[in-house]
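2 protein chains.
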Amino acid sequence: MTIGDNEIVLGVDIGGTNTKLGYVDRLGRCLASASIPTDADQPAKVFFRRLQQSAKELLQSLKGKTLVGIGIGAPNANFRKGTIEHPPNLSWDYVDVPAELREFFSVPVAVTNDANAAALGEMLFGAARGMKDFVVITLGTGLGSGIVSNGELLYGADGFAGEIGHTIVDPNGRFCGCGKRGCLETYCSATGLVRTIQELFCNSTEPSRLRAISFHELTSEMVFEAALRGDKLAAQAFEYTGHILGMKLADSVAHLSPEAIILFGGLAAAGELIFAPTQRSLEAHLFPIFRNKVKLLPSKLTKGDVAVLGAGALIWDFLAKNK
Amino acid sequence: MTIGDNEIVLGVDIGGTNTKLGYVDRLGRCLASASIPTDADQPAKVFFRRLQQSAKELLQSLKGKTLVGIGIGAPNANFRKGTIEHPPNLSWDYVDVPAELREFFSVPVAVTNDANAAALGEMLFGAARGMKDFVVITLGTGLGSGIVSNGELLYGADGFAGEIGHTIVDPNGRFCGCGKRGCLETYCSATGLVRTIQELFCNSTEPSRLRAISFHELTSEMVFEAALRGDKLAAQAFEYTGHILGMKLADSVAHLSPEAIILFGGLAAAGELIFAPTQRSLEAHLFPIFRNKVKLLPSKLTKGDVAVLGAGALIWDFLAKNK
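Chains A and B are the protein sequences, given in the same order.
When we follow this note's numbering, the leftmost residue of the first sequence carries the number 11, and every step to the right adds one.
When we follow this note's numbering, the leftmost residue of the second sequence carries the number 11, and every step to the right adds one.
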């Protein structure tokens, strides 16, 4: 046993409904994990008190381990400032995370948004091991992205870089929750897929059992299962989603020239249904010097642990650079 | 006089027709410059022999100065490999630049594309002094771009990152020299402006003296002068160009979150005619967290010297990092 082998970090993923936490060692193994309700209608102070209680209980199950840092992934989190600002699904306005945790823990705290945490997780423990230039796209309710360039997360001037979900597919296109029109995430996300198949219901005469389900009840999982059963419109919806995604990722490649683009999250789990059309469209829309160079890969992080591993990777990376 | 004050670098800008060279000191002053025809129909070997002759003659005019490095900006140049690969307007296939210069000079050589050189020039000597995250857009015959992120030029996995000119405005849009359709540079460049006003001639009934000029003879300068004279179609052509440019730069901001975007080159010299609509469209298409944050600035480098200063900045930067 070498010195430091008993060191662990706490990785936390704050979600709209639940918050996951886990202790992660230097090799990216999650040694213990737990989940608490976020209860984001209550003040942030109350949340952080409950978080430390759960974290301290969990730490007791890990005999002989020393906590050396805390990494937090959260929506609208800013690495530079250590803040969470106007998160879309939480009622907290502006949270200074290190300040909230200081009264409970005396270790370094690092904060970043969930997609950036996923990108760091892929680099340290997942599909991007050994890569210095890549993009992680998280296809969930929305479309998040984390960009790594020359081995570093790209934060930009204000710490908010990497909002590929809000690049524009069509300036007169679908209304987006952000107030703009035609954003990529209105097409390429779980909700985007549902919007697309509803559009296909209108434009096509092809029968589909999904036509019996209301807009509100229809989920991307139902579209996935229908596509597997041979539903033509469901397959077309995936085809269209991949077509749009590949086209816009070609723009990302023109900016960043990544070695790989890694797809992560619910929609990415649809496998070839989403990967095949995305890859075709990406290659077709690439500036010629980039063709046949950029790998399109699935995430290699275990689904349940990924956000916690990513948050753990964030603080391991921070500790390594601030020794 | 401190040690090193007599040190200078050679900056070279290889263009399709002419090649400019100049000696640049550590403060970004061009102490002497010259120009030779590129004569790119002859082999690269012949060109580099002529280049060193001219450079050595020019150096003799600078008594007491010591050459410590050579920086080269060229189309399709790759910083990582030191190569120029299939440059669009030169007949050279693949040139290993340091190898070509080794027999004449025994100092370090660094190579990059012209837009990257301009970005370094702006960072060290121009409008981006003190900035760590910015984008330079060169609006010439085409649209080039150089991206600086966290104080470093963004090269990506293969050294070719920063091809914003080939992001897609409309997948069914104008044919581009690269073989794709709807690339940004087919709209936002000197040639793009001319294509736009021709489209306006077709779609509008508005009179314009420019209608008397053939497609071949019409230049972006003529459109600029007509706009200044009050030609409505010429003004509309600038308005449309800025509208498209601002929309696509909003995508760049979503990726990179730069502190500033710097416009450089012929079209940028049109001042408010291009800056006003670009700024309006950029703000309108930005993801809300980026609004009112990103500066849109004109280049601060003297037009004649910029490419030489940029190439000089490249090698000064290289020398500083490889001490």
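In this text, a Cβ means the ideal position worked out from N, Cα and C, and glycines have one as well.
Every value quoted in this text rests on a predicted model; they were computed, and no experiment measured them.
Please report whether the beta-carbon of residue i lies at a distance below 7 Å from any beta-carbon of chain A.
| i | result |
| --- | --- |
| Pro268(B) | yes |
| Met133(B) | no |
| Ser159(B) | yes |
| Ala167(B) | yes |
| Gln246(B) | no |
So, at 7 Å on beta carbons, what are the nonlocal neighbours of residue i in its own chain, with the 5 sequence-adjacent residues on each side left out?
| i | result |
| --- | --- |
| Phe114(B) | Gln62 |
| Phe135(A) | Gly38, Leu311, Leu319 and Ala323 |
| Ser230(A) | Ala200, Leu203, Val204, Gly276 and Leu277 |
| Lys91(A) | Gly169 |
| Ser267(B) | Asp143 and Phe300 |
| Ser159(A) | Asp143 and Leu266 |
Hey, is residue i's beta-carbon within less than 7 Å of any beta-carbon in chain B?
| i | result |
| --- | --- |
| Lys331(A) | no |
| Leu153(A) | no |
| Met11(A) | Its pLDDT being 43, under 50, Met11(A) is placed unreliably by the model, and nothing is read from it. |
Starting from the C-beta of residue i, find all residues in its chain whose C-beta is less than 6 Å away, skip the five residues before and the five after it, and write them out in chain order.
| i | result |
| --- | --- |
| Leu324(A) | Gly81, Ala120, Thr122, Ala127 and Leu130 |
| Asn99(B) | Gly26 |
| Ala44(A) | Leu31, Ser64 and Leu68 |
| Ser218(B) | Asp241 and Leu243 |
| His295(B) | Met257 and Ala260 |
| Cys193(A) | His176 and Cys186 |
| Glu195(B) | Gly152, Leu153 and Gly175 |
| Glu269(B) | Met141, Asp143 and Phe144 |
Below 9 Å on C-beta distance, what does residue i contact in chain A?
| i | result |
| --- | --- |
| Thr272(B) | Thr is not the amino acid found at residue 272(B); the sequence shown has Ile there. Within 9 Å Cβ-Cβ: nothing; Ile272(B) doesn't reach chain A, min ~13 Å. |
Using a cut-off of 9 Å between C-beta atoms, extract the partners of residue i located in chain B.
| i | result |
| --- | --- |
| Ala171(A) | Asp143, Ser159, Val263, Ala264, His265, Leu266, Ser267 and Pro268 |
| Glu249(A) | Under the 9 Å cutoff, chain B gives no residues; its nearest Cβ is about 15 Å from Glu249(A). |
Using the beta-carbon of each residue, which ones in chain B are nearer than 7 Å to residue i?
| i | result |
| --- | --- |
| Ile174(A) | Ala264 and His265 |
| Cys188(A) | Phe297 and Pro298 |
| Thr177(A) | Asp261 and Ala264 |
What residues in its chain sit with their C-beta under 8 Å from that of residue i, if we drop five residues either side in the sequence?
| i | result |
| --- | --- |
| Gly79(B) | Val19, Leu20, Val117, Pro118, Val119, Ala120, Ile325, Trp326, Phe328 and Leu329 |
| Asn86(A) | Ile94, Glu95, His96, Pro97, Pro98 and Asn123 |
| Leu41(B) | Ile18, Gly32, Tyr33, Val34, Asp35, Leu72 and Lys75 |
| Pro47(B) | Thr27, Asn28 and Thr29 |
| Tyr104(A) | Thr93, Ile94, Glu95 and His96 |
| Thr206(A) | Tyr197, Ala247, Tyr250 and Thr251 |
| Glu293(A) | Gly256, Arg301 and Asn302 |
Name, please, each residue of chain B whose Cβ falls closer than 8 Å to the Cβ of residue i.
| i | result |
| --- | --- |
| Pro181(A) | Met257 and His295 |
| Glu162(A) | Asn160 |
| Lys303(A) | Ala167 and Asp168 |
With a threshold of 8 Å, are at least 3 pairs of Cβ atoms found where one atom belongs to the stretch 299 to 312 of chain A and the other to the stretch 169 to 184 of chain A? no
Tell me, please, whether the stretch 142 to 156 of chain A touches the stretch 188 to 203 of chain A by the rule of three or more beta-carbon pairs shorter than 8 Å. Result yes; three or more Cβ-Cβ pairs closer than 8 Å.
Determine contact between the stretch 218 to 226 of chain A and the stretch 253 to 260 of chain A, defined as no fewer than three beta-carbon pairs at a distance below 8 Å. Because the criterion of three Cβ pairs below 8 Å is not met, the stretch 218 to 226 of chain A and the stretch 253 to 260 of chain A do not touch.
Would you be able to state if there are at least three C-beta pairs under 8 Å between the stretch 274 to 288 of chain A and the stretch 155 to 172 of chain B? no
4-residue-minimum alpha helix (DSSP H) runs that sit fully inside the stretch 208 to 265 of chain A, ordered along the chain: 230 to 238
4 or more residues per run - each alpha helix (DSSP H) lying fully within the stretch 49 to 123 of chain A: 54 to 70 and 107 to 112
Report the residue ranges of all beta strand (DSSP E) runs contained in full by the stretch 128 to 198 of chain A; include only those spanning at least 3 residues, in chain order. 144 to 149 and 153 to 159
Quick check for students: name the residue ranges of the beta strand (DSSP E) that lie wholly in the stretch 305 to 329 of chain A, counting only runs of 3 or more. 305 to 308
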